[in-house]
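Participant: Next up is a structure, given as C-alpha cells.
There are 2 protein chains.
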Amino acid sequence: MKLITIFAIGITQMAISKTKSKHDDSAELKIKMAARIVFHKKGFAAARTRDIAREAGINLALLNYYFRSKEKLFDLIMLETLQTFFQSMAMVFNDETTTLEEKVAVIADKYIDLLLEEPEIPIFLLNELRGNPTALLKKFNVKKVVANSVLLRQWQQTMKENKLPPMHPLHFMANLMALVIFPFIGSPMLKTIGSMNEDQFKKMMLERKALIPVWIRSMLKAK
Amino acid sequence: MKLITIFAIGITQMAISKTKSKHDDSAELKIKMAARIVFHKKGFAAARTRDIAREAGINLALLNYYFRSKEKLFDLIMLETLQTFFQSMAMVFNDETTTLEEKVAVIADKYIDLLLEEPEIPIFLLNELRGNPTALLKKFNVKKVVANSVLLRQWQQTMKENKLPPMHPLHFMANLMALVIFPFIGSPMLKTIGSMNEDQFKKMMLERKALIPVWIRSMLKAK
DNA sequence: GTCTATATACGGATAGAC
DNA sequence: GTCTATCCGTATATAGAC
Numbered sequence: 003m004k005l006i007t008i009f010a011i012g013i014t015q016m017a018i019s020k021t022k023s024k025h026d027d028s029a030e031l032k033i034k035m036a037a038r039i040v041f042h043k044k045g046f047a048a049a050r051t052r053d054i055a056r057e058a059g060i061n062l063a064l065l066n067y068y069f070r071s072k073e074k075l076f077d078l079i080m081l082e083t084l085q086t087f088f089q090s091m092a093m094v095f096n097d098e099t100t101t102l103e104e105k106v107a108v109i110a111d112k113y114i115d116l117l118l119e120e121p122e123i124p125i126f127l128l129n130e131l132r133g134n135p136t137a138l139l140k141k142f143n144v145k146k147v148v149a150n151s152v153l154l155r156q157w158q159q160t161m162k163e164n165k166l167p168p169m170h171p172l173h174f175m176a177n178l179m180a181l182v183i184f185p186f187i188g189s190p191m192l193k194t195i196g197s198m199n200e201d202q203f204k205k206m207m208l209e210r211k212a213l214i215p216v217w218i219r220s221m222l223k224a225k
Numbered sequence: 003m004k005l006i007t008i009f010a011i012g013i014t015q016m017a018i019s020k021t022k023s024k025h026d027d028s029a030e031l032k033i034k035m036a037a038r039i040v041f042h043k044k045g046f047a048a049a050r051t052r053d054i055a056r057e058a059g060i061n062l063a064l065l066n067y068y069f070r071s072k073e074k075l076f077d078l079i080m081l082e083t084l085q086t087f088f089q090s091m092a093m094v095f096n097d098e099t100t101t102l103e104e105k106v107a108v109i110a111d112k113y114i115d116l117l118l119e120e121p122e123i124p125i126f127l128l129n130e131l132r133g134n135p136t137a138l139l140k141k142f143n144v145k146k147v148v149a150n151s152v153l154l155r156q157w158q159q160t161m162k163e164n165k166l167p168p169m170h171p172l173h174f175m176a177n178l179m180a181l182v183i184f185p186f187i188g189s190p191m192l193k194t195i196g197s198m199n200e201d202q203f204k205k206m207m208l209e210r211k212a213l214i215p216v217w218i219r220s221m222l223k224a225k
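Chains as they are written, first to last, in this note's numbering: chain A, 3 to 225; chain B, 3 to 225.
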C-alpha cells in the first residue's frame, strides 16, 4: 500500500531528473550509469572511484563534483537498485484480479527477464545487505508489502483448501524467490557443473519461466 | 571419483597440519581461524588485516610473518572453505547404496547443519567466485563429481520411469541447491519480511530438513 | 616467534587553472 | 563544468629490536 506511494514518488523523481537534463549523455548521468555497472560487478569495497570515472569516460574529480563522495554515490545506486528490484514485485503481489498461480507465472516471467538483463543485481543486493539488515529494507516497507499481500492471503487459502498442515508462509516466499533468483547467484558454479556457455545458460533461464509455475503448483499439493 | 582422492588428500593434509603444531592455540592457527571469520563476514576487499590480527589476539606483523600477504592468507581460507562446502557433498552424491530420495534427505540434513553453524559460507563463496568462475572450481573437479554422479543417474532414471518430458539435469541440481542454500543467502531479506529473530529463523531452517525432501519429491512428479 | 616502528602504495578527495 | 596536479588518510607490508 504505502510502498506503492514510495515507488510512485521514486518514478516521478526519476522522470523529473530525466527531463531536467536536456541530453541523456550528460556527465552526471554517465557517471551514474558507470557507477551502477561497477558497483554491481565489484561491490562497494572492491569498486574503485577511478574505475567508475574511466567507465564513464570522465575525470575522477568530476565524480566528486557531482556526488560529493564514493559513499553518497553508492547510496544512490543502492536505492535505485532496490527500487528496480522491488518494483517488479509490488504491483503483482497485490493484484486482486489474478489467481495465485497466475501471480507466480508473472513473477517468474518478469524477474527472469530483469535478471537476464542485470544478472548481478541479486548478488549485489544480498552481499551489501549482510550486516546491514533492516535499515534499508525498512525504508521500502518490504515487510508490509509482502506480509500483508494478496499473494500471501491466496497462498493461505490454497493451503486450507488442500487441507495441508500449517506452515510458516515464509517457506513459500523463500522457495519462490529461491527458484527464481538462486540460479543467477549461483551461475558461476552452475555453469561450471553443466559446462555451459553464457547462451546456453540464458536459454535455460528462459525455460524456467514455464517450469517454475509447474514446480510451485506441485509443491503446493505436496504432503 | 577423482575428487574423493583430492578430498582425501585434503583431509590428510589437515590432519598432518593439526598434528604438526603441538598446541592448537598456536599463533598460526589462531590467525587462520580469525581470518576465516573475518573473510567470511566481510569478503576479501572489505576485510582488513588489522581486524584479523585483532580477532586473533596477535600483532599485525605476525600475520605477514606466517602467511606472507593478505592475498596468500585469503587463498588458503578460500581453498579450505571450498573444501568444507564440497566435502559434505562428494560422498553423498556417489553413494551406491542409497536411493535418490534418501540422498536428497541426507543432503538437506547435512547442509542445513553446516550452514546453521557457518551461515556466511554460501554468500562468501558465491560473492568471491563472480568474475573468477572456473579457475578455482576446476581444481576441485566439481564438474565431474556432479555431472557423473550416481545421484544424477538416479534422477534420470526417475524422470524416465515417470515418463516426464526431457529436461536438462542442471534444473534439478539448481533447484535442490536453491531450496537448501538460498534461505541462508537471503536471510537478511527473509528475516525482515517475516519479522523474525535469529532463533526463529534457525528453527525454520531446521523445519526445512523434513520439508525439502517432500517438495523435491513432488517436483519430480510434476508435469 | 613476537613485538614496535616505519616504509610504501593505493585510493578517495580537493585545489585551482581553464 | 571539466580538467591536471596534488594532498592526505588508510592499509599492507617490512625492518629491526628483543
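C-beta atoms are modelled at their ideal positions from N, C-alpha and C, and glycine is treated no differently.
Assuming B/LEU222 contacts B/THR160 under a Cβ cut-off of 8 Å, what Cβ separation, rounded to an integer in Å, is found between them?
Facilitator: With 8 Å as the limit, B/LEU222 and B/THR160 qualify as a contact, their Cβ atoms being about 6 Å apart.
Participant: Assuming B/PHE95 and B/SER151 form a contact by the criterion Cβ under 8 Å, report the distance between their Cβ atoms to the nearest whole angstrom.
Facilitator: Right, their Cβ atoms sit about 4 Å apart.
Participant: Where does A/LYS242 land, buried or exposed, given buried means 16+ other C-beta within 10 angstroms?
Facilitator: No answer is possible for residue 242 of chain A: the residues shown for chain A start at 3 and end at 225.
Participant: Flag B/THR51 as yes if its beta-carbon sits less than 8 Å from any beta-carbon of chain A, otherwise no.
Facilitator: So no, B/THR51 is outside the interface.
Participant: I'd like to check one pair, A/ILE218 with A/LEU178: are the Cβ atoms closer than 8 Å?
Facilitator: In this structure, A/ILE218 lies closer than 8 Å to A/LEU178 by Cβ.
Participant: Looking at the structure shown, is A/ALA49 part of a helix, part of a strand, or coil, going by DSSP?
Facilitator: Looking at A/ALA49 - three-state DSSP - the assignment turns out to be coil, as it is neither helix nor strand.
Participant: Helix, strand or coil: which one does DSSP assign to B/ILE60?
Facilitator: Looking at B/ILE60 - three-state DSSP - the assignment turns out to be coil, as it is neither helix nor strand.
Participant: Might you give, ordered along the chain, the residues of its own chain that have their beta carbon closer than 8 Å to the beta carbon of B/LEU208, omitting 5 neighbours on each side?
Facilitator: Here the set comprises ILE114, LEU118.
Participant: Using Cβ-Cβ distances below 7 Å, what residues of the stretch 141-164 of chain B are close to chain A?
Facilitator: The stretch 141-164 of chain B vs chain A, Cβ under 7 Å: VAL144, LYS145, VAL148, ALA149.
Participant: Use the C-beta contact count for A/ASN199: other C-beta atoms within 10 angstroms, 16 or more gives buried, fewer gives exposed.
Facilitator: The residue is exposed, with fewer than 16 neighbouring Cβ atoms inside 10 Å.
Participant: Does DSSP put A/MET224 in a helix, in a strand, or in coil?
Facilitator: According to the sequence provided, residue 224 of chain A is Ala. The question's Met does not apply to it. If DSSP states are grouped into helix, strand and coil, A/ALA224 belongs with coil.
Participant: Helix, strand or coil: which one does DSSP assign to A/LEU138?
Facilitator: In the structure shown, A/LEU138 sits in a helix (DSSP, three-state: H, G or I).
Participant: Check whether the Cβ of B/LEU136 lies closer than 8 Å to any Cβ atom in chain A.
Facilitator: One point to set straight first is that residue 136 of chain B is Thr, not Leu, in the sequence displayed. Closer than 8 Å to some Cβ of chain A, the Cβ of B/THR136 qualifies, so yes.
Participant: Does the beta carbon of B/HIS42 come closer than 8 Å to any beta carbon on chain A?
Facilitator: Judged by the 8 Å Cβ criterion, B/HIS42 is not in contact with chain A.
Participant: Do you know offhand how far A/THR1's Cα is from B/ALA149's?
Facilitator: Past the boundaries of the shown model lies residue 1 of chain A; chain A is included only from 3 to 225, so the question cannot be answered.
Participant: What is the DSSP secondary structure of A/ASN164, reduced to helix, strand or coil?
Facilitator: Coil, per DSSP.
Participant: Can a CB atom of chain B be found closer than 8 Å to the CB of A/LEU194?
Facilitator: Per the sequence shown, the amino acid found at residue 194 of chain A is Thr instead of Leu. Closer than 8 Å: yes.
Participant: Following the continuous alpha helix (DSSP H) through A/GLU73, name the residue where it begins and the one where it ends.
Facilitator: Per DSSP, A/GLU73 belongs to the alpha helix (DSSP H) from 72-95.
Participant: Which residue from B/LEU75, B/LEU138, B/HIS42 puts its Cα closest to that of B/ASN66?
Facilitator: Per the Cα distances, B/LEU75.
Participant: Note down the Cα distance separating A/PRO121 from A/ALA48, rounded to an integer number of angstroms.
Facilitator: Looking at the two C-alpha atoms, the distance is approximately 18 Å.
Participant: Buried or exposed: where does B/GLY196 fall if 16 or more other Cβ atoms within 10 Å of its Cβ makes it buried?
Facilitator: Looking at its Cβ environment, which holds 16 or more other Cβ atoms inside 10 Å, B/GLY196 is buried.
Participant: Look at the Cβ atom of A/LEU172, then the Cβ atom of B/PRO190, and state whether they are nearer than 8 Å.
Facilitator: Taking 8 Å as the Cβ cut-off, A/LEU172 and B/PRO190 do not qualify as a contacting pair.
Participant: Below 6 Å CB to CB, which residues in the same chain sit around A/ILE214 once its five sequence neighbours on both sides are set aside?
Facilitator: If we look at A/ILE214 and ignore the five residues flanking it on each side, its Cβ neighbours are ALA110, LEU181.
Participant: Whose C-beta lies closer than 7 Å to the C-beta of B/ILE39 among residues of the same chain, with five residues either side of it excluded?
Facilitator: Contacts found: GLU57.
Participant: At what residues does the alpha helix (DSSP H) containing B/ASP111 begin and finish?
Facilitator: Note, B/ASP111: alpha helix (DSSP H), 102-119.
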